[in-house]
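In the UniProt record's numbering, the protein residues as written are 299 to 528. Cβ coordinates follow ideal geometry from the N, Cα and C atoms, glycine included.
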Ligand code: CDP
Ligand code: CDP
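Here is the structure:
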């Protein structure tokens, strides 16, 4: 049987991928998956083991032996619930330490190979909105709808700042956040192994000045137009 359609949503940090993905999936009755949470989980496991982040053999062994489970969080606006080897790490994978190191782990080809296989397995029957950096280029190059979501680094830093304040966390100042975001974008875009890049057949959505609602509607419309023509 042919698989159901897939929506791939890629783009840099803070573009709105997680927020928009969840709402699009809810509107269309599809599953959703935040693949960044998987790279964050392996990064957390590596940090907990205290091994050198650049030791590719050891990092690979950790990636191969880690069991990651993702569940949709029923609370609106909350990220996916994540279990790492049975332990709830939903909060731990979002600490500044994990965020600062995740790009180093995600650049390693053996880690990507292991996680991409799991993502392809999860999405094999389709009916899913998957977000990340390489979904439209590598994980599901045949996805029916591909979106490249972006916004200026300034705007993305502002959103991250507002998110942190809303969560009652200490937020670095805007300039620092913008610098951190730009540094992660640089690492993600320049790595050898499936870098962050817009797929040739992806639709670019620049969300500067757009509301979440407007972005969600645009993607739902693209999906409906496409699926009607299948
Ligand atoms: O939510 P945020 O935009 O901060 O990032 P994320 O989606 O949680 O992803 C964290 C990191 O994982 C990214 O900066 C990438 O280094 C890596 N990642 C990746 O390489 N490929 C993916 N498909 C998803 C995430
Ligand atoms: O997953 P990613 O890192 O791409 O972004 P996110 O975690 O969804 O965070 C985006 C933040 O910007 C959230 O607080 C959204 O409410 C907000 N936002 C948005 O996603 N889209 C807009 N058009 C405007 C604001």
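Query: Distance, Cα to Cα, residue 520 vs residue 448?; Result: 17 Å
Query: In angstroms, rounded to a whole number, what distance separates the CA positions of residue 319 and residue 402?; Result: 25 Å
Query: Quick one: grab the DSSP three-state call for residue 376.; Result: coil
Query: Can you tell me whether residue 380 is buried or exposed? The criterion is at least 16 other CB atoms within 10 Å of its CB, across all chains shown.; Result: buried
Query: By the three-class DSSP mapping on this structure, what secondary structure does residue 320 have?; Result: helix
Query: Tell me, please, whether the segment 459–475 touches the segment 317–336 by the rule of three or more beta-carbon pairs shorter than 8 Å.; Result: no
Query: Using the Cβ count rule (16 or more neighbours within 10 Å means buried), how would you classify residue 398?; Result: exposed
Query: Among residues of its own chain, excluding the 5 on either side of residue 487, which ones have a beta-carbon nearer than 6 Å to its beta-carbon?; Result: 493, 494
Query: Since residue 430 sits in a beta bridge, which residues does DSSP pair it with?; Result: 308
Query: What separation, rounded to the nearest whole angstrom, lies between the Cα atoms of residue 505 and residue 413?; Result: 28 Å
Query: Quick one, are the C-beta atoms of residue 328 and residue 437 less than 8 Å apart?; Result: no
Query: Name the DSSP beta bridge partners of residue 448, please?; Result: 504
Query: Which stretch, first to last residue, makes up the alpha helix (DSSP H) that contains residue 510?; Result: 510–526
Query: Quick check on the burial criterion: 16 or more other C-beta atoms within 10 angstroms. Buried or exposed for residue 312?; Result: buried
Query: Run through the segment 356–417 for me and flag every whole alpha helix (DSSP H) of 4 or more residues, listed as ranges in chain order.; Result: 394–404
Query: Please confirm whether any heavy atom of ligand 2 lies closer than 7 Å to the CB of residue 510.; Result: yes
Query: Does the beta-carbon of residue 430 have 16 or more other beta-carbons within 10 angstroms, so that it is buried, or is it exposed?; Result: buried
Query: State the start and end residues of the unbroken beta strand (DSSP E) segment that holds residue 350.; Result: It is not in any beta strand (DSSP E) - residue 350 carries neither H nor E in the DSSP assignment.
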